[in-house]
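Single-structure report; data block below.
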Ligand SMILES: *Cc1c(COP(=O)(O)O)cnc(C)c1O
């Protein structure tokens, strides 16, 4: 047994962790024995920040006390409420505040972005996505292609890892863009792949796509709140993300969207419009002549669900308390590296890690498969869940574990590996 595989070592690492107290800002679910769960599922649904609950309660109070006047009164009036989230989102994705907006939900935003940025012609009709895209992204793309009267068999280019490999090689993505670029309208790829945890090289993909005259968009569902980004500088045309995974804003909470500023003044770009995208000065004149805001806000449709935005504001303030995404990433790199080290030293033969090892190509999550004759990943998953671990299982056989720097500890990683080891020994005996 290695010396790093001990509770004392894990506790030492926690004591040295400058962000250890941020865990106190969260409610950690309990096991039936009263102990904290080993919650490694922030890639799926992040835990509740204390501030999220507080801010939602504040808004319920405003509504109780003020009724409709809540739109214009108090410290956080509802009329401009989405603007209170702009700085937090901008910091997370590396954008100008005018380039980000909270609206709708993720899949809805992908569709609305494709209304503007997927405009197929007979010459340029393809969308490049990955073969193992999240089903919702696959359906959204497929349905957009059909909606425009094209055939997904010809217009959907699905990027696959090489035979025998689990993750996409950057050079193969660029190669596919070179090959199909002239007939491609849009490249839509994830920032972080949901199944393998691989981080794609968003900057090179954007550059290669633009060189071929394609629009480039990213789905940041697993990237926002997980890794720092520089969207403004990298230059994709758009991006969208949900806020309930690493952004801890609660189930189904409102999503985020980025539109690069180069598109803000373009009056030719088609969009599906709604009154919340109309210029703020004249919105309430109700004149029925659409004047888009010159920012990402122009893509908003409705006045947004304030209770959900309040929760996001609580989450973003919690990120700020931790010192921002770069500080969180520093811890995340150490936390995930420790988990990987333990798996490699204790379970090298039984556990295979699909997630790339390099810092550039990985975030918080590790995706594991179990190599054990006579059992499958699901059996092991059920056993560790019964022992107090919350993580998730994705068919056919991947266990995803994501130590999240805001609320997970080195001790969580250690305890997880102890439990996984016991489950594997139990299944093997
Ligand atoms: C989580 C996730 C979704 C979920 O979409 P919703 O519209 O929020 O239900 C979509 N795409 C990816 C890549 C995801 O990881």
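Numbering (our numbering), first residue to last: 15 to 443.
C-beta: ideal position from N, C-alpha, C; glycine also.
In this text, all values refer to a predicted model and were calculated from it rather than measured experimentally.
The Cβ neighbour count for residue 426, taken over all protein chains shown within 10 Å, is at least 16; the residue is labelled buried.
Residue 269 places its beta carbon 8 Å or farther from that of residue 248. Classified as exposed, residue 74 has fewer than 16 neighbouring CB atoms from the shown chains inside 10 Å of its CB. Residue 144 and residue 259 have their C-alpha atoms spaced approximately 21 Å apart.
Not one heavy atom of ligand 1 sits closer than 7 Å to the Cβ of residue 182.
In the DSSP assignment, residue 204 falls within the unbroken beta strand (DSSP E) covering 198-204. Ranked by Cα distance from residue 326, the options 37, 26, 66 are led by 66.
Residue side-chain check: residue 153 keeps its Cβ at 7 Å or more from all non-hydrogen atoms of ligand 1.
In chain order, 148, 235, 236 place their CB closer than 7 Å to the CB of residue 208, counting only its own chain and leaving out the 5 sequence neighbours on each side. Secondary structure in the segment 218-303: the beta strand (DSSP E) runs of 3 residues or longer, each lying completely within the stretch, are 229-233, 252-255, 270-273 in chain order. Residue 359 has its CB no nearer than 7 Å to any heavy atom of ligand 1. Counting C-beta pairs closer than 8 Å gives three or more between the segment 207-222 and the segment 367-380, which meets the contact rule.
Taken in chain order, the complete beta strand (DSSP E) segments of 3 or more residues contained in the segment 165-195 are 170-173. Per DSSP, the continuous beta strand (DSSP E) segment holding residue 367 begins and ends at 365-367. Beta-carbon to beta-carbon, residue 360 and residue 19 are separated by about 6 Å, close enough to satisfy the 8 Å threshold. Judged by the Cβ position, residue 250 fails to qualify as a neighbour of ligand 1 at the 7 Å threshold, every heavy atom of the ligand being at least this far. Among the bridge pairs identified by DSSP, residue 53 is matched with 404.
Contact between residue 35 and residue 402 does not hold, since their C-beta atoms are separated by about 23 Å, which reaches or exceeds 8 Å. When the Cα atoms are used, residue 372 and residue 441 turn out to be separated by approximately 31 Å.
Fewer than three Cβ pairs drawn from the segment 312-332 and the segment 166-177 lie within less than 8 Å of each other, which leaves the two stretches out of contact.
Selection 374, 329, 437, 352 evaluated against residue 101 yields 329 as nearest (Cα-Cα). A direct Cα-Cα distance of roughly 43 Å separates residue 356 from residue 319. Counting only the Cα atoms, residue 91 lies some 48 Å from residue 190. Inter-residue distance for residue 346 and residue 418 is about 7 Å (C-alpha atoms, whole angstroms). When DSSP states are grouped into helix, strand and coil, residue 159 belongs to the helix group. Nearest to residue 21 by C-alpha distance, out of 232, 352, 151, 420, is 352.
8 Å or more divides the Cβ of residue 194 from the Cβ of residue 154. Residue state for residue 148 is assigned as coil, using DSSP reduced to three classes.
The nearest non-hydrogen atom of ligand 1 is 7 Å or more from the C-beta of residue 409.
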